[in-house]
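Numbering (full-length UniProt numbering), first residue to last: 1 to 162.
Quick reminder that beta carbons are idealized off the backbone N, C-alpha and C, glycines included.
Worksheet: the structure to be examined is printed underneath.
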Amino acid sequence: MGKESGTTGPVADTIAAAPTEQDAALKLLVVLSKAYKTVMDKAVKDMKQRGLSPSEFTILELLYNKGRVPLQQIGQKILVTSGSVTYNIDKLEGKSLIRRVPSPDDRRVVFAELTDQGLALLRRIFPEHAAAVQAIMAGLGYEEQLQATKLLKQLGKTAEQP
1 MGKESGTTGP
11 VADTIAAAPT
21 EQDAALKLLV
31 VLSKAYKTVM
41 DKAVKDMKQR
51 GLSPSEFTIL
61 ELLYNKGRVP
71 LQQIGQKILV
81 TSGSVTYNID
91 KLEGKSLIRR
101 VPSPDDRRVV
111 FAELTDQGLA
121 LLRRIFPEHA
131 AAVQAIMAGL
141 GYEEQLQATK
151 LLKQLGKTAE
161 QP
């Protein structure tokens, strides 16, 4: 850092001279945050160009890849609140892209599944979206992407621990 980044000061000079484990962790947090924002901004732009909000797209993608899913599990799988799931399910149902299906075994359980119209939409746009994501990630080679995935999973698991 220091001189090559144009940043000076006691912390920048210390990191440039001999980064400690703490310095490395702080730098990783900044780099990870910036990379996440840049990547997600581009991915969200792609979703919006396809006429869907990120939450709508993520729900449709989940149902496309997993099939029928209980409503109660959708929020856990895509990391959104139950209120957001209900709101987005209502919107997608209003667009005739998904439907709610009561469980034949348990009256408390309601599934979400793609309609024929929703399936047709995903068959059309998902390959295009996957290609866009691949282009976004092209800064890393295939092996680097696999390694980054492994490392970020490891980071996530250890960060969850108290």
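Check: Alpha carbon to alpha carbon, what distance is there between residue 92 and residue 149?; Outcome: 30 Å
Check: In three-state terms, what does DSSP make of residue 44?; Outcome: helix
Check: Measure how close the beta-carbons of residue 74 and residue 85 come, nearest whole angstrom, since I'm counting them as under 8 Å.; Outcome: 5 Å
Check: Is the CB-CB distance between residue 79 and residue 112 below 9 Å?; Outcome: no
Check: What does the alpha-carbon distance come out to for the pair residue 65 and residue 31?; Outcome: 31 Å
Check: Going along the chain, which unbroken runs of the alpha helix (DSSP H) with 4 or more residues stay wholly within the UniProt domain "HTH marR-type" (22-157)?; Outcome: 54-66, 71-78, 82-94 and 116-136
Check: Kindly give me the distance between the Cβ atoms of residue 69 and residue 62, rounded to whole angstroms, as I take these residues to be in contact under 8 Å.; Outcome: 6 Å
Check: For the stretch 35-50 against the stretch 113-133, do three or more pairs of beta-carbon atoms, one drawn from each stretch, fall closer than 8 Å, so that the two count as touching?; Outcome: yes
Check: Using the Cα positions of residue 23 and residue 137, report the straight-line distance between them to the nearest angstrom.; Outcome: 26 Å
Check: Can you tell me whether residue 18 is helix, strand or coil according to DSSP?; Outcome: coil
Check: Does the Cβ of residue 56 have 16 or more other Cβ atoms within 10 Å, making it buried, or fewer, making it exposed?; Outcome: buried
Check: Can you tell me whether residue 118 is buried or exposed, with buried defined as 16 or more other CB within 10 angstroms of its CB?; Outcome: buried
Check: If I measure Cβ to Cβ from residue 109 and keep anything under 6 Å in the same chain, skipping five residues before and after, which residues do I get?; Outcome: 70 and 103
Check: Buried or exposed for residue 122, please, with buried defined as at least 16 other CB atoms from any protein chain shown within 10 angstroms of its CB.; Outcome: buried
Check: What's the gap between the Cα of residue 127 and the Cα of residue 35?; Outcome: 24 Å
Check: Hey, would you say the C-beta of residue 44 is under 8 Å away from at least one heavy atom of the ligand MG?; Outcome: Looking for the ligand MG in the displayed structure turns up nothing, as the structure carries no ligands at all.
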